[in-house]
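Participant: Mind looking over this structure? Questions follow.
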Amino acid sequence: MKAVLRQSALLLALALLPAAVQALYLRERIPWQSRVAESDLVEVETARAWGANVIWVDARPVDEFERDHVPGAVSLNEDRWSEALPQFLANDWSPEKKIVVYCSAASCNLAEDVARRLRAEAKLPNDIRILKGGWEAWLGKK
Amino acid sequence: MKRIVAILIGGLFIYAGVIKVIDPVEFARDIDNYKMLPWPVGVWLALYLPWLEIFCGLALITRVLYRGSVFIVTGLISLFIIASIVAKARGLDVSCGCFGHASQHLNFSWHLVLDFLLLGGLLLLWKRPAAVA
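The listed protein sequences derive, respectively, from chains E and X. Per this note's numbering, the first sequence runs over residues 979 to 1120. Per this note's numbering, the second sequence runs over residues 1485 to 1617.
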């Protein structure tokens, strides 16, 4: 058992080296403190102040969107991504506008996933933000 | 038989490690989805665990530090099974991210089947110390 523990300790230590090198190499690109970089978030008040210069994207499931949503928001979620994205691009998207994506609350990840896909897959050039606190925050500031 | 199992598990761990090394932030998000650890801890784990998987996989295949790697890999799989069950019990719908986006197509039951198969294979390796280096 002693040999097993010694070997394990060696493996655990060996893995530290490349991990540390990678951490140094990627230090600028890793969001160390929070899952979403602060620069990708927007407060409700700020987004509201942008007025008509914003496209609101609701990343929640359709039934929640249908119950209530930010006025003028478009439903675009991962469940029906392949059908909803072309519709969004054809009917709602504009290159000059900012895009604010929201889901139900601060703890949900749907808005983050949709925002990431809009940047990475749809390759939209817009300023794409995630609403801080989500739908709950919007209701709170109503 | 034991040699084949060691190579299969080793290869699987190298594959799983390499996929996650390429995008550690994505893996950090997968860890964060379990809602068990603070984000900064998850980030450090996301940077560290893939390399540990690669080293353990190499050790299983080359038989250098073999028993240590069987020990660690068994621990990792056991921890992962517990974390998956706890997440499921808490109603979290998580993709483990074990094999990058490929694992998103596996549902919870298949993840568990795969994990228990791996655990069975590892116990087989663990039980026969006479054949190890």
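Backbone N, C-alpha and C define an ideal beta-carbon position, used for all residues, glycine too.
Looking at the secondary structure, which residues open and close the beta strand (DSSP E) in which LEU1067 (chain E) lies?
Facilitator: Here residue 1067 (chain E) refers to the residue found at position 89 when the first sequence is read from its first residue. Looking at the DSSP string, LEU1067 (chain E) is not in any beta strand (DSSP E); the run it does join, the alpha helix (DSSP H), is 1059 to 1069.
Participant: Report the three-state DSSP secondary structure of ALA1615 (chain X) (helix, strand or coil).
Facilitator: One-based indexing of the second sequence puts residue 1615 (chain X) at position 131. Its pLDDT being 48, under 50, ALA1615 (chain X) is placed unreliably in this model, and the coordinates cannot settle the point.
Participant: What are the boundary residues of the beta strand (DSSP E) that ASP1036 (chain E) is part of?
Facilitator: What you label residue 1036 (chain E) is simply residue 58 of the first sequence in a count that begins at 1. Segment 1032 to 1036, the beta strand (DSSP E) holding ASP1036 (chain E).
Participant: Buried or exposed: where does ILE1108 (chain E) fall if 16 or more other Cβ atoms within 10 Å of its Cβ makes it buried?
Facilitator: As a first step, residue 1108 (chain E) must be located in the first sequence, where it is residue number 130. Under this definition ILE1108 (chain E) is a buried residue.
Participant: Alpha carbon to alpha carbon, what distance is there between LYS1119 (chain E) and ILE1538 (chain X)?
Facilitator: Along the second sequence, one-based indexing puts residue 1538 (chain X) at 54. Along the first sequence, one-based indexing puts residue 1119 (chain E) at 141. Cα to Cα, the separation comes out at about 49 Å.
Participant: Name the DSSP bridge partner or partners of LEU1109 (chain E)?
Facilitator: Position 131 of the first sequence, counted from the start, is the residue given in the question as residue 1109 (chain E). E:VAL1020, per the DSSP bridge assignment.
Participant: Please list, in chain order, the residues of the segment 994 to 1026 of chain E that have any C-beta partner in chain X closer than 9 Å.
Facilitator: Taking 9 Å as the Cβ-Cβ cut-off against chain X, the residues of the segment 994 to 1026 of chain E that qualify are LEU994, LEU995, PRO996, ALA997, ALA998, GLN1000, ALA1001, LEU1004, ARG1007, ILE1008, PRO1009, TRP1010, GLN1011, SER1012, ARG1013.
Participant: Could you check whether GLY1552 (chain X) and LEU988 (chain E) sit closer than 8 Å to each other, using their CB atoms as the reference points?
Facilitator: On the first sequence, residue 988 (chain E) is found 10 positions in, with the first residue counted as 1. On the second sequence, residue 1552 (chain X) is found 68 positions in, with the first residue counted as 1. Contact flag set, yes.
Participant: Does the beta carbon of ASN1517 (chain X) come closer than 8 Å to any beta carbon on chain E?
Facilitator: In the second sequence, residue 1517 (chain X) corresponds to position 33, counting from 1. For ASN1517 (chain X), the answer is yes, since a Cβ of chain E falls inside 8 Å of its Cβ.
Participant: Let me know the secondary structure DSSP gives VAL1527 (chain X) once reduced to three states.
Facilitator: On the second sequence, residue 1527 (chain X) is found 43 positions in, with the first residue counted as 1. VAL1527 (chain X) falls in the helix class under three-state DSSP.
Participant: If contact means a Cβ-Cβ distance below 7 Å, which residues of the segment 1546 to 1566 of chain X contact chain E?
Facilitator: Hits within the stretch, in order: LEU1549, ARG1551, GLY1552, SER1553, PHE1555, ILE1556.
Participant: Just checking, does the segment 1527 to 1543 of chain X make contact with the segment 1500 to 1512 of chain X on the three C-beta pairs under 8 Å criterion?
Facilitator: Yes: the two stretches touch, three or more of their Cβ pairs being nearer than 8 Å.
Participant: Report the partner residues of VAL1078 (chain E) according to the DSSP bridge assignment.
Facilitator: The residue given as residue 1078 (chain E) occupies position 100 in the first sequence. According to DSSP, which records beta bridges pairwise, VAL1078 (chain E) is partnered with E:TRP1034, E:ARG1107.
Participant: If you run the structure through DSSP and keep just helix, strand and coil, what is SER1053 (chain E)?
Facilitator: Residue numbering aside, residue 1053 (chain E) sits at position 75 when the first sequence is read from its first letter. The answer is strand: DSSP assigns SER1053 (chain E) an E or B state.
Participant: From what residue to what residue does the alpha helix (DSSP H) around ASP1046 (chain E) run?
Facilitator: Position 68 of the first sequence holds residue 1046 (chain E). Per DSSP, ASP1046 (chain E) belongs to no alpha helix (DSSP H) and is neither H nor E.
Participant: By Cβ distance below 8 Å, which residues in the same chain neighbour TRP1116 (chain E) in space, the five residues on each side in sequence not counted?
Facilitator: Counting from 1 along the first sequence, the entry for residue 1116 (chain E) is found at position 138. VAL1022, VAL1048, TYR1080, LEU1109, listed in sequence order.
Participant: Hey, is VAL1527 (chain X)'s beta-carbon within less than 8 Å of any beta-carbon in chain E?
Facilitator: For this step, residue 1527 (chain X) is matched to residue 43 along the second sequence. Closer than 8 Å to some Cβ of chain E, the Cβ of VAL1527 (chain X) qualifies, so yes.
Participant: May I have the straight-line CA-CA distance separating ARG1097 (chain E) from PRO1103 (chain E), to the nearest angstrom?
Facilitator: Here residue 1097 (chain E) refers to the residue found at position 119 of the first sequence. Here residue 1103 (chain E) refers to the residue found at position 125 of the first sequence. Between ARG1097 (chain E) and PRO1103 (chain E), the C-alpha separation is close to 7 Å.
Participant: Show which residues of chain E have a CB atom less than 8 Å away from the CB atom of TYR1532 (chain X).
Facilitator: By 1-based counting over the second sequence, the position of residue 1532 (chain X) is 48. What TYR1532 (chain X) touches in chain E: ALA993, LEU994, ALA997.
Participant: Checking contacts by CB at 8 Å: is SER1060 (chain E) closer than that to chain X?
Facilitator: Against the first sequence, residue 1060 (chain E) aligns to sequence position 82. Not closer than 8 Å to any Cβ of chain X, the Cβ of SER1060 (chain E) fails to qualify, so no.
Participant: Please tell me whether VAL1020 (chain E) and VAL1092 (chain E) are closer than 8 Å, where the distance is taken between their beta carbons.
Facilitator: Your numbering for residue 1020 (chain E) matches position 42 in the first sequence. Your numbering for residue 1092 (chain E) matches position 114 in the first sequence. Cβ distance not < 8 Å, so VAL1020 (chain E) and VAL1092 (chain E) don't count as in contact.
Participant: What does a CB cutoff of less than 8 Å around ALA1084 (chain E) pick up in its chain, not counting 5 residues either side in sequence?
Facilitator: In the first sequence, counting from the first residue as 1, residue 1084 (chain E) sits at position 106. If we look at ALA1084 (chain E) and ignore the five residues flanking it on each side, its Cβ neighbours are LYS1110, GLY1111, GLY1112, GLU1114, ALA1115.
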